[in-house]
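There are 2 protein chains.
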Amino acid sequence: KKQFLVIGLGRFGASVARTLTQNGHNVIGLDSAEERIQRVSEEIADVMKCDATDTDILSSLGIQDFEACIVCIGEKYIQNSILVTLLLKENGAKKIIAKAGTKTQGKVLYKVGADMVIYPEKDMGERVARSLISSNIIDFLEVSPEISILEMRAPRMMIGKDLIELNLRHKYGVTIISVQSDNQKIISPPPLDYKFRKDDVITLIGENKALKRLRFTED
Amino acid sequence: KKQFLVIGLGRFGASVARTLTQNGHNVIGLDSAEERIQRVSEEIADVMKCDATDTDILSSLGIQDFEACIVCIGEKYIQNSILVTLLLKENGAKKIIAKAGTKTQGKVLYKVGADMVIYPEKDMGERVARSLISSNIIDFLEVSPEISILEMRAPRMMIGKDLIELNLRHKYGVTIISVQSDNQKIISPPPLDYKFRKDDVITLIGENKALKRLRFTED
Ligand SMILES: Nc1ncnc2c1ncn2[C@@H]1O[C@H](COP(=O)(O)OP(=O)(O)OP(=O)(O)O)[C@@H](O)[C@H]1O
Ligand SMILES: Nc1ncnc2c1ncn2[C@@H]1O[C@H](COP(=O)(O)OP(=O)(O)OP(=O)(O)O)[C@@H](O)[C@H]1O
Numbered sequence: 023k024k025q026f027l028v029i030g031l032g033r034f035g036a037s038v039a040r041t042l043t044q045n046g047h048n049v050i051g052l053d054s055a056e057e058r059i060q061r062v063s064e065e066i067a068d069v070m071k072c073d074a075t076d077t078d079i080l081s082s083l084g085i086q087d088f089e090a091c092i093v094c095i096g097e098k099y100i101q102n103s104i105l106v107t108l109l110l111k112e113n114g115a116k117k118i119i120a121k122a123g124t125k126t127q128g129k130v131l132y133k134v135g136a137d138m139v140i141y142p143e144k145d146m147g148e149r150v151a152r153s154l155i156s157s158n159i160i161d162f163l164e165v166s167p168e169i170s171i172l173e174m175r176a177p178r179m180m181i182g183k184d185l186i187e188l189n190l191r192h193k194y195g196v197t198i199i200s201v202q203s204d205n206q207k208i209i210s211p212p213p214l215d216y217k218f219r220k221d222d223v224i225t226l227i228g229e230n231k232a233l234k235r236l237r238f239t240e241d
Numbered sequence: 023k024k025q026f027l028v029i030g031l032g033r034f035g036a037s038v039a040r041t042l043t044q045n046g047h048n049v050i051g052l053d054s055a056e057e058r059i060q061r062v063s064e065e066i067a068d069v070m071k072c073d074a075t076d077t078d079i080l081s082s083l084g085i086q087d088f089e090a091c092i093v094c095i096g097e098k099y100i101q102n103s104i105l106v107t108l109l110l111k112e113n114g115a116k117k118i119i120a121k122a123g124t125k126t127q128g129k130v131l132y133k134v135g136a137d138m139v140i141y142p143e144k145d146m147g148e149r150v151a152r153s154l155i156s157s158n159i160i161d162f163l164e165v166s167p168e169i170s171i172l173e174m175r176a177p178r179m180m181i182g183k184d185l186i187e188l189n190l191r192h193k194y195g196v197t198i199i200s201v202q203s204d205n206q207k208i209i210s211p212p213p214l215d216y217k218f219r220k221d222d223v224i225t226l227i228g229e230n231k232a233l234k235r236l237r238f239t240e241d
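Chain order of the listed sequences is P and H. Using the numbering used here, read the first sequence as starting at 23 and increasing by one per residue. Using the numbering used here, read the second sequence as starting at 23 and increasing by one per residue.
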């Protein structure tokens, strides 16, 4: 059970705080806006309306006891974000995650003590764009320089067959991790006797050249 | 080479448009704010300052020719977002992706024709929270909302055993992707008869709750 400090309870901050809480951890949430405090008060036990740039408040919080401090103040108040990050660092924060809008803001945040800078809108924009581009490969993730994960619609040669028949590991050198039919729950690992259907979404992992070979079975 | 329409060029929309452009696709970007148009004009070839709720403008655009239309208007103007989505649907858009802040807004967007609703801040908040929770495991990567990859030292119960004995897939519902002994090359997939040693670094993939169960075998 860990303790986290979340400063700024916009959509992003509230989501960080909520997810940590749902996973059984202790969260203290700070925001200067009453409306934001109200919006999360049912989901997050310890919330405090205050100005996080107030040095008295921060020093009263035992900053060193938090596993991590997450600064989720938006671009509108980027100077607050920078000041809060600096103050957290001065108060001995173990780990500071901060949100930014632009790379330049990110650089400043790193300089004043952020260990990690997040660009939520920019990152999600890239992911959405990539999933639109690879319309039959839904998502692609690099695990290590030679190994990747591929999420794709089941290629034609898998349809109507099951894993025992397909023998993916030996024939293609890829491992299937999960299958999702028709927007149902993702099943991982897929049962050995499950017969794949058109439009099933499968997640594979393997070496890049092995994955390429499988993709080219479509042509 | 595909054509995309991006409406709303905030951080999220600009990132979608930029990523599509960088990947060689044609993007038309619309925004009613001059400052937003200026901000992206160097990176996105076709941008137009206009009110996207203007039916004349939308009908002049050949909406049916776009691979997808991405509505990235923020919560501040959610009514615009809803109206634009409706108009795109009426104009025969093949695929509409829309951004929303809350689930309720998302429901309305689906009702008026969105094929996919994205919650950038909420999703990134969850990802950040989850990567913070698993900090005693060397690395953690989210593959999809329910499935993650975990890199960890081989848990005690694996040491001295091989995969046939361990039967990870059936006992724990996780798939082992790779093993790395003593900073040697990463081996993927691990041979079925390889006996795991203390400090081996293994990479697993599976549903979040399945991975949790495996981690708790340490206690
Ligand atoms: N000095 C401060 N102390 C505490 N909270 C602050 C301070 N400055 C700003 N905030 C809070 O930070 C929160 C997030 O900022 P804002 O809403 O501008 O960002 P945003 O980028 O729109 O957020 P999101 O994208 O997460 O919804 C707001 O709820 C605001 O009240
Ligand atoms: N009717 C409209 N026509 C065209 N553009 C619009 C319209 N209404 C809003 N926009 C644009 O949508 C863009 C995104 O909206 P806004 O900045 O409120 O969202 P946001 O959530 O802050 O964005 P982001 O998080 O992506 O930075 C703005 O640039 C705004 O000018």
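Glycine included, each C-beta is placed from N, C-alpha and C at the ideal position. Quick caveat, the model's predicted, so the values are computed rather than measured.
Which same chain residues end up closer than 6 Å to residue i when comparing Cβ atoms and leaving out the 5 residues on each side of it in sequence?
i: H:L214; result: L185, I186
i: H:N102; result: T75, I95
i: H:I100; result: Q127
i: P:I181; result: F218, K220
i: P:A39; result: V28, V49, G51, I66
i: P:I73; result: The residue asked about is misnamed: residue 73 of chain P is Asp in this sequence, not Ile. Only S54 meet the Cβ criterion.
i: P:L31; result: G51, D53, R58, V62
i: P:A176; result: F218, D222, I224
i: P:G35; result: V28, C94
i: P:M146; result: none
i: H:I159; result: Caution applies to H:I159, whose pLDDT of 45 falls short of 50 and renders its modelled position unreliable; the value that the coordinates give is listed next. Closer than 6 Å at the Cβ level, and outside the excluded window around H:I159, lie L172, M174.
i: H:V134; result: I104, T107, L108
Shorter than 8 Å, the distance from the beta carbon of residue i to the closest heavy atom of ligand 2, or not?
i: H:A246; result: Nothing can be reported for residue 246 of chain H: it is not among the residues displayed for chain H, which extend from 23 to 241.
i: H:R58; result: yes
i: H:E242; result: Nothing about residue 242 of chain H can be read from this structure; chain H reaches only from 23 to 241.
i: H:K220; result: no
i: H:G32; result: yes
i: H:A39; result: no
i: P:Y242; result: The structure shown does not extend to residue 242 of chain P, since chain P spans only 23 to 241, so no value can be given for it.
i: H:I95; result: yes
i: P:G128; result: no
i: H:Y99; result: yes
i: H:T75; result: yes
i: P:N113; result: no
i: H:G195; result: no
i: P:G228; result: no
Can you list, in chain order, the residues of its chain with a C-beta nearer than 8 Å to that of residue i? Leave out the 5 residues immediately preceding and following it.
i: H:R191; result: T197
i: P:D137; result: K117, I118, I119
i: P:Y132; result: V139
i: P:K183; result: K217, F218
i: P:T43; result: V49, E65, I66, A67
Among the residues of its own chain, which have a CB less than 7 Å from the CB of residue i, if the five just before and after it don't count?
i: H:K71; result: D53, S54, E56, I59
i: P:R235; result: Y194
i: H:S63; result: V69
i: H:S81; result: N113
i: H:I79; result: C72
i: H:I208; result: S200, Q202
In terms of alpha-carbon separation, which member of the options lies closest to residue i?
i: P:V130; options: P:L105, P:E148, P:G147, P:E143; result: P:L105
i: P:N230; options: P:R149, P:K193, P:I169, P:R178; result: P:I169
i: P:E173; options: P:K111, P:I66, P:R149; result: P:R149
i: H:G228; options: P:Y216, P:D222, P:L233, P:I171; result: P:I171
i: H:S37; options: P:G123, P:L83, P:Q25; result: P:G123
i: H:K98; options: P:Y216, P:G135, P:R33, P:K144; result: P:R33
i: H:E89; options: H:K207, H:Q25, H:Q206, H:H47; result: H:Q25
i: H:N45; options: P:I209, P:N189, P:I155; result: P:I155
i: H:N189; options: H:Y141, H:Y216, H:L83, H:K121; result: H:Y216
i: H:D87; options: H:K23, H:I209, H:L233, H:A232; result: H:K23
Compute the beta-carbon to beta-carbon distance between residue i and residue j, rounded to the nearest angstrom, for a pair I have assumed lies under 8 Å.
i: P:S200; j: P:P211; result: 7 Å
i: P:I85; j: P:A115; result: 5 Å
i: H:F41; j: P:A151; result: The sequence shown places Thr at residue 41 of chain H, not Phe. Confirmed, about 3 Å.
i: P:L110; j: P:T77; result: Wrong, their Cβ atoms sit about 11 Å apart, outside the cutoff.
i: P:P142; j: P:K125; result: Actually they do not touch by this definition, with Cβ atoms about 14 Å apart.
Answer yes or no: the CB of residue i versus the heavy atoms of ligand 1, is any distance below 8 Å?
i: H:K71; result: no
i: P:I29; result: yes
i: H:K133; result: no
i: P:V49; result: no
i: P:K121; result: yes
For ligand 4, is there any heavy atom lying closer than 8 Å to the beta carbon of residue i?
i: P:A36; result: Although ligand 4 was asked about, the structure shown includes only ligand 1 and ligand 2 as ligands.
- For the region 127 to 145 of chain P, which residues have a beta carbon sitting closer than 9 Å to at least one beta carbon of chain H? M138, I140, Y141, P142, E143, K144, D145
- Query: Listed in chain order, which residues of the region 95 to 127 of chain H have Cβ atoms closer than 9 Å to some Cβ of chain P?
  - Reply: E97, K117, I119, K121, G123, T124
- Query: Taking Cβ-Cβ distances below 8 Å as the criterion, which residues of the region 215 to 241 of chain P are in contact with chain H?
  - Reply: T225, I227, G228, E229
- Query: When you check each C-beta in the region 42 to 58 of chain P against every C-beta of chain H, which residues fall closer than 8 Å?
  - Reply: Within the region 42 to 58 of chain P, L42, N45, H47 place their CB atoms closer than 8 Å to a CB of chain H, listed in sequence order.
- Query: Along the region 69 to 97 of chain H, what residues have a CB closer than 9 Å to any CB found in chain P?
  - Reply: E89, A90, I92, C94, E97
- Query: Going along the region 171 to 182 of chain H in order, which residues come within less than 7 Å of chain P, judged by CB to CB distance?
  - Reply: I171
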